[in-house]
Amino acid sequence: MKKTVALVLTGLIPALFACGGGSDGTATNSVPADDLSSLTWTEETSLPNNGGSASSVVGCNITRSSDGVVTVFYTIKSGGFGIYFARSSDGGESWDGPTEFTPSGFGSYGPNVAIDSEDRMHVIWEGQSPEGVYYSSSDNGGDSWTEAVLLKEEVGGNIISVDRNDRVHVTFHQGDPNSPDDISEIYYVRSLDRGETWDNAQLLSKKDQQHSAWARFDFSGTASDSLGIIWRDKRAGTTWDIYGAFSEDGGATWTEKVVRETVDKQWDPMSLVDADGRTHVSMMEMPKGDAFEVEIRYAYTDDGGETYSTFQKLTDVRSRFPFLMYNAAQDLVWLCWKDERDFDFETGDANADIVGLYSLTGGDSWSDLETIAAHPTTELRFHTFHLGTDAILRTVYSYFGPEDDLERVYYSQRSNPQN
Ligand SMILES: [Ca+2]
Ligand SMILES: [Ca+2]
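Each residue of the sequence shown is one higher than the one before, starting from 580 at the first, in our numbering.
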């Protein structure tokens, strides 16, 4: 059952958490101008979990085929631990599965998915024997899969995206960004034949005994040969900065560049290339000397990472983990993140909600901030998004409880902002 959910947050405490069909719009008259807007999201639905604990991922685990079927990949711990998927053909109201993602083995995690123009689903994940990033594809919506291919051993942090020329792009890092000895560096590999064969993996970051880690990117809305992939880099010391690699030949060759380098700490960036070849970048930033504040910053570059628009600060609320999405037909950019206005100083619980805003002007101006999912005393985590050719924004996230200690994965989708 679809339902209108009206959420209004004021200050640090949610003043109203009103859910109810037919009650939309009733609260808007009393809402101060700086509050979040009322909006229409479907009521969240829980993905099937086999009675186990289920978690979403870093990256993108949602896709949608041209016949409207939405597929979500996630991990379930129920006896064993592995990757599963579930499908919905009714906008997330009901789900089949969970179906075991058979190409992956026990202990696999981190599934990321992308889809091409002929509805081939491309999936990468981290597997265990041997450890590394693996790839498989399906031409029938997940009913059967190709045999797993090991793309590279001993790497993690995998991200995949398929551009509008059906080029498949994958990044990962080798090493452990949390280790003082096992230095991580960013690698890239692509396929020009829809995953049949792969180029040799290229090193994108500088092998300089300084960590480079956690690249995230989305090329799904572009056919441009101008591409940008960004990551966090420790070469200036403990404050971390954002570096990137830029290509003008569709990913054949890359040049490393500085994206954002300040005395503040930059972390967890993502890039997105739009139909015009503009690379949008976002990251979280922790101002020096303030242990609590965390900001979301955004900018774009039109010249392959040489110059940037002003790095805008998009919210005054402690916020983390930005996620960019794009719809080419409407030149629609969404930017979403975790909002920690409900941070509990006594317990240290972040109680993160999911919020977002969108731009119809290529990132020059943005909508008001909207609440996407909120549970005032529960931490929402591993938020991921998908913005399909239908311009419908879809989200998946996971949280624990409330009636037990199991983590579950939830789904919701939003109306098109131009409707
Ligand atoms: Ca490095
Ligand atoms: Ca820095």
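Quick reminder that beta carbons are idealized off the backbone N, C-alpha and C, glycines included. Quick caveat, the model's predicted, so the values are computed rather than measured.
How long is the line joining the alpha carbons of residue i and residue j, rounded to whole angstroms?
| i | j | result |
| --- | --- | --- |
| E672 | S991 | 9 Å |
| S791 | M700 | 29 Å |
| D983 | G631 | 11 Å |
| D812 | L729 | 26 Å |
| G670 | T725 | 27 Å |
| N995 | P866 | 35 Å |
| Y713 | F685 | 13 Å |
| R743 | L985 | 39 Å |
| Y887 | K785 | 22 Å |
| T956 | T950 | 15 Å |
| W945 | W916 | 14 Å |
| S644 | D698 | 6 Å |
| M862 | F900 | 7 Å |
| P981 | N930 | 13 Å |
| N719 | V934 | 34 Å |
| Q781 | V747 | 14 Å |
| V896 | F922 | 10 Å |
| Q789 | T974 | 34 Å |
| L948 | V873 | 17 Å |
| G1007 | G856 | With the chain running from 580 to 998 in the structure shown, residue 1007 is simply not present. |
| A908 | G967 | 10 Å |
| S723 | P677 | 15 Å |
| E732 | D745 | 25 Å |
| E925 | D797 | 38 Å |
| G736 | F961 | 14 Å |
| L626 | Y976 | 10 Å |
| E679 | S763 | 31 Å |
| Y767 | A953 | 36 Å |
| S717 | F652 | 13 Å |
Assuming residue i contacts residue j under a Cβ cut-off of 8 Å, what Cβ separation, rounded to an integer in Å, is found between them?
| i | j | result |
| --- | --- | --- |
| A727 | P682 | 4 Å |
| W819 | A794 | Not a contact, Cβ separation roughly 14 Å. |
| G807 | G884 | 6 Å |
| A854 | T801 | 6 Å |
| R993 | W674 | That pair is no contact at about 18 Å. |
| V912 | G942 | 6 Å |
| F664 | G721 | 6 Å |
| Q891 | E864 | 11 Å between Cβ atoms; not a contact. |
What does DSSP give as the partner residue(s) for residue i in the beta ladder?
| i | result |
| --- | --- |
| K892 | R876 |
| H859 | L851, Y879 |
| V648 | In DSSP, V648 forms no bridge with anything. |
| N691 | I703 |
| K836 | G823 |
| D932 | D918 |
| K844 | M865 |
| R973 | H965, Q992 |
Nearest by alpha-carbon distance to residue i: which of the options is it?
| i | options | result |
| --- | --- | --- |
| V852 | S803, N995, T889 | S803 |
| S715 | N691, S708, E697 | N691 |
| N779 | T832, R987, D943, G823 | T832 |
| E938 | A970, E925, D932 | In the sequence as displayed, the identity of residue 938 is Ser instead of Glu. Nearest of A970, E925, D932 to S938, Cα basis: A970. |
| V636 | Y688, E864, F902 | Y688 |
| D918 | F751, T894, N906, T750 | T894 |
| S770 | L783, D843, V651, D695 | D695 |
| C639 | L972, R987, D869 | L972 |
| L959 | D932, L966, G941 | D932 |
| N629 | G661, D646, I641 | G661 |
| A870 | I821, A693, D843 | D843 |
From the DSSP output, in three-state form, read off residue i for me.
| i | result |
| --- | --- |
| H962 | strand |
| Q909 | coil |
| G735 | strand |
| D797 | strand |
| E705 | strand |
| C915 | strand |
| E672 | coil |
| G754 | coil |
| D698 | coil |
| T583 | Caution applies to T583, whose pLDDT of 35 falls short of 50 and renders its modelled position unreliable; the model cannot decide the point. |
| R897 | coil |
| L985 | coil |
| S602 | Reliability fails at S602, whose pLDDT of 32 lies under 50, so the model's placement of it is uncertain and no value is given. |
| Y887 | coil |
| W945 | coil |
For chain D, find out if any of its Cβ atoms is closer than 9 Å to the Cβ of residue i; answer yes or no.
| i | result |
| --- | --- |
| L730 | The structure shown has no chain D; it contains just one protein chain. |
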